[in-house]
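A short write-up of the structure that comes next.
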Amino acid sequence: METIGYLMVGFGVAFQPLSLLMMVLGLLLGLAVGVLPGLGGTAGVALLLPLTMLVPPEVAIIFLAAIYWGALYGGVITSILFAIPGEPWSVALIFDGYPMAKQGKAGLALSAAFLASFVGIFVAAIFFVAAAMPLALFALKFGPPEMFAIMLLAFSTFVGLGTGHPAKTLISTAFGILLTAVGLDLVTGQPRFTFGSIAWLSGYHFVPVTIGLFGIGEIMIDGEDRFNSEIKEVIHAKVGVQDMKDGLAAIWAFFPQTLMASVLGFFVGVLPGTGATPASFLGYGLAKQYSKNPERYGHGAIEGIIAPQAAANAAGTGSLLPMVSLGIPGSPTAAVLLAGLYMWGLWPGPRLFMEEPVFVWGLIASLFLSGAVCLVICMLGVPWLAAIMRVPWGLLTPTIVIACFIGSFVMRNIMFDVWCTLVFGVVGYIMKKLKYPLAPLAVALVLGDMTERFLRQSLIMGDGQFSVFFTRPISVWFMVIAILLFLFPAIQTIKAKVKAGKAAA
Amino acid sequence: MRKGEIITAGLFMVLSGIVIAECFRLGFGWEPQAGPQAGMVPFYLALLMFGCSAYVMYLGLKSEKKEGDNFFINKDGMMEAIKIAFTALIFSIILVYAGVYFAMLIYAPLFVKWLGKHKWSTVILFTAGIVLVIYFGMEVGLKIPLPRSPLYMQGKFFI
Numbered sequence: 000m001e002t003i004g005y006l007m008v009g010f011g012v013a014f015q016p017l018s019l020l021m022m023v024l025g026l027l028l029g030l031a032v033g034v035l036p037g038l039g040g041t042a043g044v045a046l047l048l049p050l051t052m053l054v055p056p057e058v059a060i061i062f063l064a065a066i067y068w069g070a071l072y073g074g075v076i077t078s079i080l081f082a083i084p085g086e087p088w089s090v091a092l093i094f095d096g097y098p099m100a101k102q103g104k105a106g107l108a109l110s111a112a113f114l115a116s117f118v119g120i121f122v123a124a125i126f127f128v129a130a131a132m133p134l135a136l137f138a139l140k141f142g143p144p145e146m147f148a149i150m151l152l153a154f155s156t157f158v159g160l161g162t163g164h165p166a167k168t169l170i171s172t173a174f175g176i177l178l179t180a181v182g183l184d185l186v187t188g189q190p191r192f193t194f195g196s197i198a199w200l201s202g203y204h205f206v207p208v209t210i211g212l213f214g215i216g217e218i219m220i221d222g223e224d225r226f227n228s229e230i231k232e233v234i235h236a237k238v239g240v241q242d243m244k245d246g247l248a249a250i251w252a253f254f255p256q257t258l259m260a261s262v263l264g265f266f267v268g269v270l271p272g273t274g275a276t277p278a279s280f281l282g283y284g285l286a287k288q289y290s291k292n293p294e295r296y297g298h299g300a301i302e303g304i305i306a307p308q309a310a311a312n313a314a315g316t317g318s319l320l321p322m323v324s325l326g327i328p329g330s331p332t333a334a335v336l337l338a339g340l341y342m343w344g345l346w347p348g349p350r351l352f353m354e355e356p357v358f359v360w361g362l363i364a365s366l367f368l369s370g371a372v373c374l375v376i377c378m379l380g381v382p383w384l385a386a387i388m389r390v391p392w393g394l395l396t397p398t399i400v401i402a403c404f405i406g407s408f409v410m411r412n413i414m415f416d417v418w419c420t421l422v423f424g425v426v427g428y429i430m431k432k433l434k435y436p437l438a439p440l441a442v443a444l445v446l447g448d449m450t451e452r453f454l455r456q457s458l459i460m461g462d463g464q465f466s467v468f469f470t471r472p473i474s475v476w477f478m479v480i481a482i483l484l485f486l487f488p489a490i491q492t493i494k495a496k497v498k499a500g501k502a503a504a
Numbered sequence: 000m001r002k003g004e005i006i007t008a009g010l011f012m013v014l015s016g017i018v019i020a021e022c023f024r025l026g027f028g029w030e031p032q033a034g035p036q037a038g039m040v041p042f043y044l045a046l047l048m049f050g051c052s053a054y055v056m057y058l059g060l061k062s063e064k065k066e067g068d069n070f071f072i073n074k075d076g077m078m079e080a081i082k083i084a085f086t087a088l089i090f091s092i093i094l095v096y097a098g099v100y101f102a103m104l105i106y107a108p109l110f111v112k113w114l115g116k117h118k119w120s121t122v123i124l125f126t127a128g129i130v131l132v133i134y135f136g137m138e139v140g141l142k143i144p145l146p147r148s149p150l151y152m153q154g155k156f157f158i
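Heads up: the protein sequence lines correspond to chains A and B, in order.
Counting with numbering that gives the first Met the number 0, you get residues 0 to 504 for the letters of the first sequence.
Counting with numbering that gives the first Met the number 0, you get residues 0 to 158 for the letters of the second sequence.
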């Protein structure tokens, strides 16, 4: 019951005029980011992070979260109308969305996807409300060994459940943590890895590095892709009243699947380090597997749009839960939001719930509200949103590049960050080309400092013995799961080899 | 892809080597009464990164060159990516040494004309537009000062 009271406080915050204004602004920006090729949700949020210093934190987080929702919704439009995923989590929508659009049912496909997004966010937000407090209270028992173990768990999910090559995932993670080590050592106060440079003393800041990796790097990939010969037919559409009715009917007809995908998406999202992209594929796979007529999939089955979209948005919501209650981001975008929290002087975890209820519950209430507002904006705004795609590349790209550099600079007002953005743009381009996963790098950039500090504190507690992690009741479980996840790819390889050996014999 | 794979893995190995060398200076052992030394965590991370990059390099060397599996999509695509990085470099240099307005006034026409291949009228309108939006949006609206040129600092020029 206490929760309901807090939620009411949250709605009080979310309904303030400034919050509503910033929410709508965030949603519109997020939709634009979601529709634009070459600028993703992660870069979008990172780019606007410096501007949030101008408003109170509880409004700032609503603004940033709204950008995230907007991007989650916006990716839908390009996937269905142009067969171009605006965001990685909308790839699964192309399978059935684009065929539907070609059959002249673009309006229906869009309205079903938007409604599914809303159901996904709504269901996940209910789970969020139910789980947030207990999880935060559970985290009250955590000391440095538990915190280190849970951060290790976050990194291990990238290796065990991620899509990248395990060795490359480990390189990305180690690279990210090493970058955070540059500057003054937090424990001893010694300068490390600065190589005599004054600028390096203050360390690499998360924002310019992320903007470089996800902004400039993406722009380069996008520019090169223009010379890819596969250009698809562009379909124009708007959502009419009939489409909305049909979309609602479709959601209703496939309600069990939608609900299942949302619940599944939420739990996938809560796992640190996974996020919306795998959830959308899982949602699609699951719906297809349990469908009575799976042969319709890939040829414009409406449930093939609903399930992945509900799962993706539920996962997006879920990924915020460990961020707020434990300080572990569930996705790269959540990592940027977490960096924002630190910037505003807030410390995620149980204390946040006790000391800043307005902030936490304002964010939670805004989940419901942004989901609903975004649904309305999307339903009405499809033709305008699709028009963004027609802004010429030669004008859009320089605008994004200028925004990226200014966004990086204003964070700390030092020129070093300009070079950072440029260099990490090229680094991001190369890493992306060679399929080094960038998500663990982004998460490591935010968690690196703390991971190291908690490890060192734990070792001091344990007098230099690693047994400190295995003799405490909570940390031992996290450690065991983390180690299993790290070993998971190796176990799979051995299993495959044994199988191949048997087949050969 | 094969060549890019091997070179990148090699660069990561060099980076790990630099970190390890620095860790020897910092110390990566256990200091009585103080705990782990400043280089301990980076040292083991760098070892991990070195091992993984060596493995990626080994995989790259073992693999055979495949037709059509190139780092760049094609020659035009490669030139485009390089041009984007090159123009961004020019923008950064001017931004650092002459402030954001000079940077935009040179970068925007360069990009829109050279890469975007737009008409001169579009180039001029776009450049004027972006400069005004940044000025009024950031400096007037949000009151966030942006870097200007050394001439401005001496009071000799308005940007």
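No residue lacks a Cβ here, since even glycine has one placed at the ideal position from N, Cα and C.
To be precise: take each residue of the region 116-139 of chain B, compare its Cβ to all Cβ atoms of chain A, and keep it if any distance is under 8 Å. Which residues remain?
Lys-116, His-117, Thr-121, Phe-125, Ile-129, Ile-133 and Met-137
Closest to Ser-171 (chain A) by CA distance: which of A:Ala-131, A:Leu-212 and A:Phe-147 is it?
Locating residue 171 (chain A) in the first sequence gives position 172, counting from the first residue. Nearest option by C-alpha distance: A:Leu-212.
Under DSSP, the alpha helix (DSSP H) around Phe-10 (chain A) begins and ends at which residues?
Your numbering for residue 10 (chain A) matches position 11 in the first sequence. Where Phe-10 (chain A) is concerned, the enclosing alpha helix (DSSP H) stretches over 1-13.
Short CB-CB distance (under 9 Å) between Gly-60 (chain B) and chain A
Taking the second sequence and counting its residues from 1, one reaches residue 60 (chain B) at position 61. The displayed chain sequence assigns Leu, not Gly, to residue 60 (chain B). It does not: the Cβ of Leu-60 (chain B) has no partner Cβ on chain A nearer than 9 Å.
Can you give me the Cβ contacts of Ser-91 (chain B) inside the same chain, cut-off strictly under 6 Å, excluding the 5 residues immediately before and after it?
The count along the second sequence starts at 1 and reaches residue 91 (chain B) at position 92. Within the same chain, Ser-91 (chain B) has no close Cβ partners at all.
Which residue comes first and which comes last in the alpha helix (DSSP H) that contains Tyr-106 (chain B)?
Taking the first residue of the second sequence as position 1, residue 106 (chain B) is located at position 107. Its alpha helix (DSSP H) spans residues 74-109.
Figure out for me which residue from A:Val-497, A:Thr-420 and A:Met-430 has the closest Cα to the Cα of Val-95 (chain B).
The residue labelled residue 95 (chain B) in the question sits at position 96 within the second sequence. Of A:Val-497, A:Thr-420 and A:Met-430, the residue nearest in Cα terms is A:Thr-420.
From what residue to what residue does the alpha helix (DSSP H) around Met-137 (chain B) run?
Translated into the one-based positions of the second sequence, residue 137 (chain B) becomes position 138. Unbroken run through Met-137 (chain B): none, as it is neither H nor E.
I need the DSSP call for Leu-183 (chain A), collapsed to helix, strand or coil.
Within the first sequence, the letter at position 184 stands for residue 183 (chain A). Three-state DSSP puts Leu-183 (chain A) in a strand.
Below 8 Å, is the gap between the Cβ of Pro-255 (chain A) and the nearest heavy atom of the ligand MN?
In terms of ligand content, the structure shown is empty, and the ligand MN therefore cannot be addressed.
So with CB distances below 9 Å, who are the chain A contacts of Gly-67 (chain B)?
Indexing the second sequence from 1 puts residue 67 (chain B) at position 68. Within 9 Å Cβ-Cβ: nothing; Gly-67 (chain B) doesn't reach chain A, min ~13 Å.
Could you name the residues of chain B that Arg-225 (chain A) contacts, counting a contact when the two beta carbons are closer than 7 Å?
Along the first sequence, one-based indexing puts residue 225 (chain A) at 226. By Cβ distance, chain B contributes Glu-79.
At the 9 Å Cβ level, is Ile-482 (chain A) part of the contact set with chain B, yes or no?
For the purposes of this step, residue 482 (chain A) is identified with residue 483 of the first sequence, where counting begins at 1. Not one chain B Cβ lies under 9 Å of Ile-482 (chain A).
In chain order, what are the residue ranges of uninterrupted alpha helix (DSSP H) at least 4 long that sit wholly in the region 96-150 of chain A?
105-138
Nearest CA to the CA of Ala-198 (chain A): which residue from A:Asp-416, A:Val-357, A:Gly-315 and A:Leu-24?
Taking the first sequence and counting its residues from 1, one reaches residue 198 (chain A) at position 199. Out of A:Asp-416, A:Val-357, A:Gly-315 and A:Leu-24, A:Asp-416 has the C-alpha closest to the C-alpha of Ala-198 (chain A).
Any idea what DSSP makes of Glu-30 (chain B), helix, strand or coil?
Start at 1 with the first residue of the second sequence, and residue 30 (chain B) comes out as number 31. In the structure shown, Glu-30 (chain B) sits in a strand (DSSP, three-state: E or B).
Members of the region 204-219 of chain A that neighbour chain B once the beta carbon cut-off is set at 8 Å
Ile-215, Ile-218 and Met-219
With DSSP as the reference, label Arg-191 (chain A) as helix, strand or coil.
To locate residue 191 (chain A), count along the first sequence from 1; it is residue 192. Three-state DSSP puts Arg-191 (chain A) in a strand.
Which class does Pro-35 (chain B) belong to by DSSP, given the choice of helix, strand or coil?
Stepping through the second sequence from its first residue, residue 35 (chain B) is reached at position 36. In this structure, Pro-35 (chain B) counts as strand in the three-state DSSP scheme.
Does the beta carbon of Asn-292 (chain A) come closer than 9 Å to any beta carbon on chain B?
On the first sequence, position 293 is the one that residue 292 (chain A) refers to. No, Asn-292 (chain A) lies away from the interface with chain B (no Cβ there is under 9 Å from its Cβ).
is_contact[Glu-63 (chain B), chain A] using C-beta, thresh 9 Å:
Along the second sequence, read from residue 1 onward, the residue named residue 63 (chain B) stands at position 64. By this cut-off, Glu-63 (chain B) is not an interface position.
Are there three or more Cβ pairs, one per stretch, closer than 8 Å when the region 328-345 of chain A is compared with the region 135-145 of chain A?
no
What separation, rounded to the nearest whole angstrom, lies between the Cα atoms of Leu-484 (chain A) and Phe-358 (chain A)?
The residue labelled residue 484 (chain A) in the question sits at position 485 within the first sequence. The residue labelled residue 358 (chain A) in the question sits at position 359 within the first sequence. About 34 Å.
List, in order along the chain, the chain A residues whose C-beta lies closer than 7 Å to that of Ile-143 (chain B)?
For the purposes of this step, residue 143 (chain B) is identified with residue 144 of the second sequence, where counting begins at 1. Neighbours of Ile-143 (chain B) on chain A, chain order: Val-409.
Quick check on Trp-113 (chain B): does DSSP put it in helix, strand or coil?
Within the second sequence, the letter at position 114 stands for residue 113 (chain B). Note: Trp-113 (chain B) maps to helix in three-state DSSP.
Please list, in chain order, all residues of the same chain as Trp-343 (chain A) whose beta carbon is under 6 Å from its beta carbon, the five residues on each side excluded.
Start at 1 with the first residue of the first sequence, and residue 343 (chain A) comes out as number 344. Pro-56.
Which residue marks the beginning of the alpha helix (DSSP H) containing Tyr-151 (chain B), and which one marks its end?
As a position in the second sequence, residue 151 (chain B) is number 152, starting the count at 1. Bounds of the alpha helix (DSSP H) holding Tyr-151 (chain B) are 149-152.
Alpha helix (DSSP H) segments (min. 4 residues) lying fully within the region 20-82 of chain A
40-47 and 56-81
Quick check: is the beta carbon of Ile-149 (chain A) nearer than 9 Å to any beta carbon in chain B?
What you label residue 149 (chain A) is simply residue 150 of the first sequence in a count that begins at 1. It does not: the Cβ of Ile-149 (chain A) has no partner Cβ on chain B nearer than 9 Å.
Anyone know if the C-beta pair for Gly-297 (chain A) and Asp-95 (chain A) falls short of 9 Å?
Looking up residue 297 (chain A) in the first sequence gives position 298. Looking up residue 95 (chain A) in the first sequence gives position 96. Yes.
The region 106-118 of chain A touching the region 157-173 of chain A, judged by at least three CB pairs closer than 8 Å:
no
Please identify the residue among A:Tyr-72, A:Val-44 and A:Leu-50 whose C-alpha is closest to the C-alpha of Cys-377 (chain A).
Your numbering for residue 377 (chain A) matches position 378 in the first sequence. Comparing Cα positions, the closest option is A:Tyr-72.
Using 9 Å as the threshold, is the C-beta distance between Gly-38 (chain B) and Gly-463 (chain A) below it?
The residue labelled residue 38 (chain B) in the question sits at position 39 within the second sequence. The residue labelled residue 463 (chain A) in the question sits at position 464 within the first sequence. Not in contact: Gly-38 (chain B) and Gly-463 (chain A) (Cβ atoms no closer than 9 Å).
My parser needs the alpha helix (DSSP H) runs of 4 or more residues fully inside the region 380-444 of chain A; what are they?
392-411 and 415-432
Of the residues B:Leu-109, B:Phe-101 and B:Ile-129, which one's Cα is nearest the Cα of Ser-148 (chain B)?
By 1-based counting over the second sequence, the position of residue 148 (chain B) is 149. It is B:Phe-101 whose Cα lies nearest to the Cα of Ser-148 (chain B).
For the region 74-93 of chain A and the region 369-376 of chain A, state whether three or more C-beta atom pairs, one from each stretch, are separated by less than 8 Å.
no
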